[in-house]
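Student: Let me begin by handing over the structure; questions about it come next.
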Amino acid sequence: MRKLSSCSFFLGLFFSSLAVGADFTGTWSIDLRSTQEKKNNAECGTASFALTQQADSTVVGVHQFSTVGCGRINEGSSIEGKAKGLVAILVITSGRNNAVVKGKATLKDGKLYWHVLKELSPGDPPNDGLILGDSVLEIEK
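Each residue of the sequence shown is one higher than the one before, counting from 105 in this note's numbering.
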């Protein structure tokens, strides 16, 4: 029984150290173009989070979003939040219309899983914030 308890303790310590060591720092992006749009070399159609995680677990950064064909672009949305282990709660303020969205970013298998929790403010004009919805982003190399 004592060996099992020791083993459980060390496994718990190992996995918790992995979560503590998680870092959201980097540029995470997603290509939003369809297969056909990629084949046709359509411009734009991407979204990204450029994040920096500070020592106190504060996460700050910039969100960019562009529609395919570059018809609508949001180049300067600010990101602020707090990370705990593999999860960060982030608030994004659109540089396009000041819409504010709260979401959860989760690190898993080398990817960032983004889930919008709620809209805090619709911005002006409404529905024009160009903030990424639920998506899986990959780190840029």
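C-beta atoms are modelled at their ideal positions from N, C-alpha and C, and glycine is treated no differently.
This structure is a prediction, so every number in the text was calculated from the model and none was measured.
By alpha-carbon positions, which one of Ile-235, Gly-227, Ser-170 ends up nearest to Val-220?
Tutor: Within the sequence shown, residue 220 is the residue found at index 116, counting from 1. Nearest option by C-alpha distance: Ile-235.
Student: Provide the residue span of the beta strand (DSSP E) that contains Lys-208, from first to last.
Tutor: Here the question's residue 208 lines up with position 104 in the sequence shown. Element bounds for Lys-208: 204–212.
Student: When DSSP labels each residue in this structure, what does Gly-116 get in the three-state scheme?
Tutor: Sequence index remark: in the sequence shown, residue 116 carries index 12 (1-based). At Gly-116, the pLDDT of 41 sits below 50, so the modelled position is not reliable; the number obtained from the coordinates is stated separately. Correct three-state label for Gly-116: helix.
Student: Would a C-beta distance cut-off of 7 Å place Thr-150 and Ser-170 closer than the cut-off?
Tutor: Locating residue 150 in the sequence shown gives position 46, where the first residue counts as 1. Locating residue 170 in the sequence shown gives position 66, where the first residue counts as 1. Yes, the Cβ-Cβ distance between Thr-150 and Ser-170 is below 7 Å.
Student: Can you check DSSP and say which residues form a bridge with Ile-183?
Tutor: Taking the first residue of the sequence shown as position 1, residue 183 is located at position 79. Its beta-bridge partners are Gly-165, Ile-196.
Student: When the Cα of Gly-207 is compared with those of Asp-213, Asp-238, Ser-225, which residue comes out closest?
Tutor: Translated into the one-based positions of the sequence shown, residue 207 becomes position 103. Checking every option, the nearest Cα to that of Gly-207 belongs to Asp-238.
Student: For Asn-201, which residues from the same chain have a beta carbon less than 7 Å from its beta carbon, with the 5 sequence-adjacent residues on both sides left out?
Tutor: The count along the sequence shown starts at 1 and reaches residue 201 at position 97. Here the set comprises Gly-227, Asp-228, Pro-229, Asp-232, Gly-233.
Student: For my contact list, Leu-190 and Thr-210 are in at a C-beta cut-off of 8 Å; report their separation, rounded to the angstrom.
Tutor: Within the sequence shown, numbered from 1, the residue matching residue 190 stands at position 86. Within the sequence shown, numbered from 1, the residue matching residue 210 stands at position 106. The Cβ separation is near 6 Å, so the contact holds.
Student: Helix, strand or coil: which one does DSSP assign to Thr-139?
Tutor: For the purposes of this step, residue 139 is taken as residue 35 along the sequence shown, with counting starting at 1. In the structure shown, Thr-139 sits in a helix (DSSP, three-state: H, G or I).
Student: Less than 8 Å between C-beta atoms, sequence neighbours within five positions excluded: which residues of the same chain meet that for Glu-141?
Tutor: Start at 1 with the first residue of the sequence shown, and residue 141 comes out as number 37. Gly-149, Val-172.
Student: Buried or exposed, going by whether 16 or more other CB atoms sit within 10 Å of the CB of Leu-224?
Tutor: Sequence index remark: in the sequence shown, residue 224 carries index 120 (1-based). So Leu-224 counts as exposed.
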